[in-house]
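In this text, residue positions in the sequence shown follow my numbering: the first is 3, and each later residue adds one. We treat Cβ as the ideally placed atom computed from N, Cα and C, and that holds for glycine.
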Amino acid sequence: MSVSTRARALIAADRKLTEEQIPPPRPPAPASAARIIAIANQKGGVGKTTTAINLATALAAAGHTVLLIDLDPQGNASTGFGLARNARGRGMFSVLVEGAPMAEAVRGTMIPGLTLLPADPDLSAAELELVSAPQREKRLKTALDDWADLHRHHFVIIDCPPSLGLLTLNALMAAHDVLVPLQCEFFALEGITQITQTIEAVRQRLNPGLSLHGIVLTMYDRRNNLSDLVAQDVRGFFGKKVYETVIPRNVRISEAPSHGKPLLLYDFRSPGSQAYIRLAAELVERLDIQPDRAA
Ligand code: ADP
Ligand code: MG
């Protein structure tokens with residue numbers, strides 16, 4: 003089913019049309035096929051959460067079954083789905099620190115095929131609590147491995163916090179791929195070295211199946227020469243690792259979270275929505291081309 007067909011279904015859902023008009027999601031993914039993608043960059047404000055929310059939504063709109071994990075104590079991905087702090091119930095703190103089963107914390111969203119594992123308000127204490135916990139860097143991986151529904155998913159998207167602490171390390175241990183959002187700004191290349199070195203260190207020592215799947219340029223402003231220079235620089239350095247799709251700076255993107263909706267529901271026709279739909283399509287296409295996923 004094409005991206006646009008499912009996207010139309012999303013609009014239908016938004017307009018509260020009848021159930022029959024919404025195409026059914028794809029059949030469940032085959033056993034252990036879930037592709038686990040961490041959205042990471044130690045810098046804040048580069049578009050991790052925006053990318054996590056809208057990529058997850060666009061993948062679900064294209065018919066994939068997706069779980070979005072909010073691993074940032076700020077909980078912006080949870081708020082972005084209209085889930086207020088006091089309404090989150092069990093979330094990632096319970097799973098990582100208290101060992102709660104994933105099934106108790108995963109909940110549905112307004113998007114067919116997309117579920118959310120929220121950041122509970124306690125998650126800010128997790129970095130500290132995990133320091134003395136056994137298997138502290140593997141807690142998320144273990145939780146995912148123990149989750150009976152994992153195989154029903156095509157994608158798990160993890161929104162990481164803006165640091166390289168134990169929470170991000172848990173994401174990199176559990177993931178097959180890392181997607182790094184990079185804001186088109188002056189020090190972009192300096193900032194990216196730290197995350198690429200971390201990915202390499204984790205790959206060598208802890209998770210040999212991990213790879214930097216790609217870098218996505220965000221907040222691109224075509225009226226600004228600097229955006230172009232940064233894009234050229236990053237492409238010159240990272241070559242094909244940089245997705246062709248570029249996310250434009252678009253005010254609708256920053257408005258959507260305050261309405262508690264992903265951008266695709268808030269304004270489907272906005273340039274930002276269209277860019278995230280293209281990014282999802284490019285990601286899927288690249289994954290099909292390079293099926294060398296982790297064991
Ligand atoms: P991070 O998760 O890396 O901290 P966010 O996704 O929260 O970054 O983005 C930081 C801020 O920039 C948010 O207010 C968000 O709404 C805004 N933003 C992100 N991407 C765009 C974009 N392409 N155009 C305009 N605003 C954006
Ligand atoms: Mg964030």
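Nearest candidate by alpha-carbon position, reference residue i, set the options
i: Thr53; options: Glu287, His261 and Thr247; result: Thr247
i: Ile55; options: Lys242, Ile201 and Leu85; result: Leu85
i: Glu187; options: Leu219, Leu69 and Arg207; result: Leu219
i: Leu69; options: Ala79, Gln76, Leu119 and Ala42; result: Leu119
i: Asp151; options: Asn78, Leu184, Leu169 and Ala36; result: Ala36
i: Trp149; options: Leu184, Arg280 and Gly101; result: Gly101
i: Leu116; options: Asp230, Ile71, Asp269 and Gly77; result: Ile71
i: Phe189; options: Thr200, Val236 and Phe157; result: Val236
i: Asn252; options: Pro259, Ile160 and Met221; result: Met221
i: Val97; options: Pro163, Lys50 and Leu73; result: Leu73
i: Val232; options: Leu184, Ala58, Gly65 and Gly46; result: Leu184
i: Gln76; options: His66, Lys50, Ala64 and Thr59; result: Lys50
For residue i, three-class secondary structure by DSSP
i: Ile55; result: helix
i: Val48; result: coil
i: Ile24; result: With a pLDDT of 49 at Ile24, under the threshold of 50, the modelled position of that residue is not reliable, and no figure is offered here.
i: Ile119; result: According to the sequence as given, residue 119 is Leu; it is not Ile. Strand.
i: Ala128; result: helix
i: Pro298; result: Absent from the model: residue 298. The displayed extent of the chain is 3 to 297, so no value can be given.
i: Asp1; result: With the chain running from 3 to 297 in the structure shown, residue 1 is simply not present.
i: Ile113; result: coil
i: Phe157; result: strand
i: Gln185; result: strand
beta-carbon residue i near ligand 4 non-hydrogen atom, thresh 7 Å
i: Ser229; result: This structure lacks ligand 4; its bound ligands are ligand 1 and ligand 2.
Environment of residue i [buried if 16+ CB atoms lie within 10 Å]
i: Asp147; result: exposed
i: Lys242; result: exposed
i: Asn43; result: buried
i: Lys18; result: Its pLDDT being 48, under 50, Lys18 is placed unreliably by the model, and nothing is read from it.
i: Pro210; result: exposed
i: Asn172; result: buried
i: Val133; result: exposed
i: Leu174; result: buried
*Report yes or no: do three or more beta-carbon pairs, one from the segment 176-185 and one from the segment 89-97, lie closer than 8 Å?*
These segments do not touch.
*asked:* Does the structure place the segment 196-205 close enough to the segment 97-113 that three or more beta carbon pairs sit under 8 Å?
replied: The segment 97-113, when compared against the segment 196-205, does not touch it at the 8 Å Cβ threshold.
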